[in-house]
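In this note's numbering, the protein residues as written are 1078 to 1591.
Here you go:
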């Protein structure tokens, strides 16, 4: 089998020294063979001690010198190669050290007689360190941190203690902390290259921490505002997570925000329709708001509690828009189990006035009583408006009972258009009506009476085709939980106020006709 010749690696000089050393070795071996095989009468020691042995010694010494020289030369060449590689490596390291965006610094820890860290010295920093801290290298290298940043030894962050532990134990750590001396937040990694020294690599995270704190303040404010509301409220982001939930929402659902986010709020709370059939996420109108940006309201949705019970809700979901983008949606919901129960009962009772389609007196009292009890329980205010159709007897006498019935029906239509679907409107007598309002602020009621009701009465008058004009007298009574009264007392008070308003209106009309 042919073998390829081996190439001796190295420089030409090293090759020459190797060949000389090899010849010297052969030369010395030749002398030893002559002594051993051709002069056997001499011992090995005697041969070297004889007068002729100086030539052998000289040959061996020369060979050894050549071999040692060759080894030293190769060692020098290797050392130069390593030094060259170190220079290249240092250049690469220097380029990396100066170009990384992270702050980087090397320090030496200073300890007291008890080996307790009391200070540290700046040995080297990169440009990013200067930018992130505002400290220039020319002003800090070789100086103690307590000189550069007075008060560091008293900083609650305990920088000296933390970095001292790293430098003395070799433990690597990563943490976030605030520097009072610099007034910035940093994310820091610290390691020990050699006992008594430590390296820090860090980023400035002040803006992130400020944003997080602003968000926490906002959430606290939102929590304070919504914690006393009777409605459950939660905020749902585009990543499918609930980022805020008020106490009433947790109470109504039985789930915490963390439990809901673990599996998904839709899959735990809103996975079915009111009739019990499954409700896939893609068919969920509340979830659709975060992509469509359209407001959604309903009184026909149901939620499922943690214990598995199902309850009907009235719900409103609206988008949260920032800089023209939908970033989340907010949902407010209320348990309307009592209301639904009442509605079901009303369906089986004769509670509807046949002429107007409004609740009759029985229906009005039944429904109003439930709302009254809810108001008492939740410490809410109510308002009751008692309304009388003026001049019904005159209409009946002059135009007939058919026209009188039409006047009653028209009045019911005006009231139906004026008040909200959540308000309770009923005909409780021949020409008398009552409305129970759950929204009781002065501005709301004033707007309803002076704007909506008057506009609707004017529209009826302008519509034509009627030989009569609708004239209404009103009385308004308020329920205040701090000054409780019965529902009958509320109705009676509103009735008295209505008659006072009627007398005043009649007096004004008589004066105008004179």
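Glycine is no exception: its CB is placed at the ideal position from the N, C-alpha and C atoms. This one's a predicted model, so the numbers in the text were calculated from it and none came from an experiment.
Taking the beta strand (DSSP E) that residue i falls in, what are its first and last residues?
i	result
residue 1200	1194-1202
residue 1253	1250-1256
residue 1268	1261-1268
residue 1554	1548-1556
residue 1435	Element bounds for residue 1435: n/a, residue is neither H nor E.
residue 1280	1274-1281
residue 1313	1309-1314
residue 1182	1180-1188
residue 1501	1501-1504
If I follow the unbroken alpha helix (DSSP H) through residue i, where does it start and stop?
i	result
residue 1509	Here residue 1509 belongs to no alpha helix (DSSP H); instead the beta strand (DSSP E) covers 1509-1514.
residue 1324	1324-1330
residue 1240	1236-1246
residue 1540	1531-1540
Quick check: what's the CA-CA separation for residue i versus residue j?
i	j	result
residue 1554	residue 1463	8 Å
residue 1513	residue 1502	7 Å
residue 1243	residue 1270	10 Å
residue 1448	residue 1341	34 Å
residue 1321	residue 1308	14 Å
residue 1192	residue 1221	17 Å
residue 1584	residue 1313	59 Å
residue 1388	residue 1380	6 Å
residue 1526	residue 1339	49 Å
residue 1348	residue 1286	37 Å
residue 1536	residue 1481	19 Å
residue 1581	residue 1587	10 Å
residue 1290	residue 1371	31 Å
residue 1293	residue 1323	14 Å
residue 1169	residue 1332	Note on residue 1169: pLDDT 48, under 50, position unreliable in the model; the coordinate value appears next. About 56 Å.
residue 1178	residue 1364	41 Å
residue 1368	residue 1499	29 Å
Please return the same chain residues whose Cβ sits closer than 6 Å to the Cβ of residue i, not counting the five positions on each side in sequence.
i	result
residue 1218	1199
residue 1202	1182, 1214
residue 1362	1373
residue 1505	1438, 1441, 1511
residue 1558	1456
residue 1574	1552
residue 1253	1264
residue 1625	Since the first residue of the chain shown is 1078 and the last is 1591, residue 1625 is not available in this structure.
residue 1249	1268
How about residue i and residue j: are their beta carbons less than 8 Å apart?
i	j	result
residue 1382	residue 1330	yes
residue 1378	residue 1366	no
residue 1206	residue 1234	no
residue 1373	residue 1386	no
residue 1510	residue 1488	yes
residue 1280	residue 1258	no
residue 1443	residue 1419	yes
residue 1436	residue 1567	no
residue 1485	residue 1432	yes
residue 1396	residue 1403	yes
residue 1319	residue 1334	yes
residue 1247	residue 1272	yes
residue 1530	residue 1547	no
residue 1445	residue 1556	no
residue 1549	residue 1490	no
residue 1552	residue 1578	yes
residue 1325	residue 1306	yes
residue 1517	residue 1458	yes
residue 1472	residue 1545	yes
residue 1469	residue 1508	yes
residue 1278	residue 1180	yes
residue 1315	residue 1190	no
Residues in the same chain with beta-carbon distance under 8 Å from residue i, minus the five sequence neighbours each way, listed in chain order, please.
i	result
residue 1230	1195, 1196, 1223, 1237
residue 1274	1183, 1184, 1185, 1186, 1200, 1244
residue 1592	Residue 1592 lies beyond the stretch modelled for the chain, which goes from 1078 to 1591, so this question has no answer here.
residue 1251	1264, 1265, 1266, 1267
residue 1426	1439, 1440, 1443
Take residue i and list the residues in its own chain whose beta-carbon comes closer than 7 Å to its own, dropping the five residues that flank it on each side.
i	result
residue 1261	1281, 1283
residue 1212	1225
residue 1428	1436, 1437, 1439, 1440, 1443
residue 1570	1554
Minimum length 3: unbroken beta strand (DSSP E) runs contained in the region 1445-1482
1459-1467
Would you mind listing the alpha helix (DSSP H) stretches within the region 1334-1410 that are 4+ residues and don't spill past its ends, in chain order?
1334-1340, 1342-1346, 1362-1369
Complete runs of the alpha helix (DSSP H) confined to the region 1210-1239 [at least 4 residues]:
1214-1217, 1222-1225
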